[in-house]
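2 protein chains.
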Amino acid sequence: MLSKKTKYGIKALVYLARQEDRMPVQISTISQSENISRKFLESILLSLRKNGLLGSKKGKGGGYYLLKDPKEIPMTTVMRLLEGPIAMVPCVSLNFYEKCDDCTDEDVCAVNKLMLKVRDNTLEIFRNTTLADLSN
Amino acid sequence: MLSKKTKYGIKALVYLARQEDRMPVQISTISQSENISRKFLESILLSLRKNGLLGSKKGKGGGYYLLKDPKEIPMTTVMRLLEGPIAMVPCVSLNFYEKCDDCTDEDVCAVNKLMLKVRDNTLEIFRNTTLADLSN
DNA sequence: GCATTATCCTACTAAATCGATAGGGTTTAA
DNA sequence: TTAAACCCTATCGATTTAGTAGGATAATGC
Chain V
0 MLSKKTKYGI
10 KALVYLARQE
20 DRMPVQISTI
30 SQSENISRKF
40 LESILLSLRK
50 NGLLGSKKGK
60 GGGYYLLKDP
70 KEIPMTTVMR
80 LLEGPIAMVP
90 CVSLNFYEKC
100 DDCTDEDVCA
110 VNKLMLKVRD
120 NTLEIFRNTT
130 LADLSN
Chain D
0 MLSKKTKYGI
10 KALVYLARQE
20 DRMPVQISTI
30 SQSENISRKF
40 LESILLSLRK
50 NGLLGSKKGK
60 GGGYYLLKDP
70 KEIPMTTVMR
80 LLEGPIAMVP
90 CVSLNFYEKC
100 DDCTDEDVCA
110 VNKLMLKVRD
120 NTLEIFRNTT
130 LADLSN
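Going down the list, the protein sequences come from chains V and D. Going by numbering that gives the first Met the number 0, the first sequence opens with residue 0, and the numbers climb by one from there. Going by numbering that gives the first Met the number 0, the second sequence opens with residue 0, and the numbers climb by one from there.
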């Protein structure tokens, strides 16, 4: 299951991508428009800023804005920042690989075999979809 | 992330699928071979039996066995029994559909659009993979 | 018929995660 | 100087996860 954090994060990013200019948008504006708890969204946007996806401006007239062109932001980046690993098991993860405790031989493991296929497909979709694609 | 329940369940089913005959296999045998906590595996196999995937025999010489030919068991069935919905959000789920609280219009929702693609692809894989495929 | 073997079933629990909420601190524009 | 806005840390209730405990029930073989 996708966490609400990820879901809200994507919605907020798409909201920002839909702005013609790169002017700062306030948290409250997004939270009201997308029906997201203001405080929760605040923490999400904060982490997206810390991870280099968003810029922010403090004080009156401040807010958040995208640092790059939406066309240059693939969903792999977004998903990894918000949700973490794309793979369903760590043993098939590219960026978060971890060996299973119980598995003696990964090459024979049925779960590994199956989830590798799923990861490949999902990854392909995320790679070929940018924020811009979702904003239309 | 895939739950351990699902992971262990798949491993156990594959173990059973690899038996030439349909003789009952004891929980302990599988749990030792696959490094799974005996009691936890017990509860998993019990639920698979209740859901019609496995048969069981009590008493001495008892155990669990597949009720159908592994070729006839697609991973969609297995995944839905063990993990639940295949979709990452309920609003794109076939068997577990649920409307989002925050979403006013599903047709415009970026998350919906993206996750629909992911679900279609994942579903295709699970549909075209049977227990038999994973047992080789 | 009785001991042994194995599944069946219910209940409990420790730990982790999720989805927030609280409550200030700091910066900036007007 | 004041109000608007982000910044940051801490806390919290509810839920899920990954088991564990302990006995009830059923089948087998002697």
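Note that CB positions come from ideal geometry on N, CA and C, so glycine has one too. Note that the structure is predicted; figures quoted are calculated from it, not measured.
Q: Assign alanine 59 of chain V to one of three DSSP states: helix, strand, or coil.
A: Here the sequence assigns lysine to residue 59 of chain V, which means alanine is not the residue at that position. In this structure, lysine 59 of chain V counts as coil in the three-state DSSP scheme.
Q: Closer than 7 Å by beta-carbon distance: list the chain D residues that pair up with methionine 22 of chain V, in chain order.
A: Near methionine 22 of chain V there are no residues of chain D at all, since even the closest Cβ is about 21 Å away, more than 7 Å.
Q. If you run the structure through DSSP and keep just helix, strand and coil, what is valine 88 of chain D?
A. coil
Q) Counting Cβ pairs, one atom from each stretch, are 3 or more of them under 8 Å apart for the region 25 to 38 of chain D and the region 119 to 129 of chain V? A) no
Q) For arginine 17 of chain D versus serine 134 of chain D, is the C-beta spacing smaller than 8 Å? A) yes
Q. What residues in the region 118 to 130 of chain V bring their beta carbon closer than 7 Å to a beta carbon of chain D?
A. Asn120, Thr121, Ile124 and Thr128
Q: Would you please verify whether the beta carbon of alanine 11 of chain V is less than 8 Å from any beta carbon of chain D?
A: For alanine 11 of chain V, the answer is no, since every Cβ of chain D falls outside 8 Å of its Cβ.
Q. Using DSSP with H/G/I as helix, E/B as strand and the rest coil, what is glycine 8 of chain D?
A. helix
Q) If we count the other Cβ atoms within 10 Å of its Cβ and call it buried at 16 or more, is tyrosine 7 of chain V buried or exposed? A) buried
Q) Are the beta-carbon atoms of alanine 86 of chain V and lysine 10 of chain D separated by less than 8 Å? A) No, the pair does not count as a contact, with Cβ atoms beyond the cut-off.
Q | C-beta neighbour in chain V for valine 91 of chain D, strict 8 Å | A | no
Q. Can the beta-carbon of leucine 138 of chain V be found closer than 8 Å to that of arginine 21 of chain V?
A. With chain V running from 0 to 135 in the structure shown, residue 138 of chain V is simply not present.
Q. Is any beta-carbon of chain V found at less than 8 Å from that of lysine 4 of chain D?
A. no
Q: Can you pull the chain D residues whose beta carbon is under 9 Å from the beta carbon of isoleucine 35 of chain V, in chain order?
A: Here the neighbours are Asp101.
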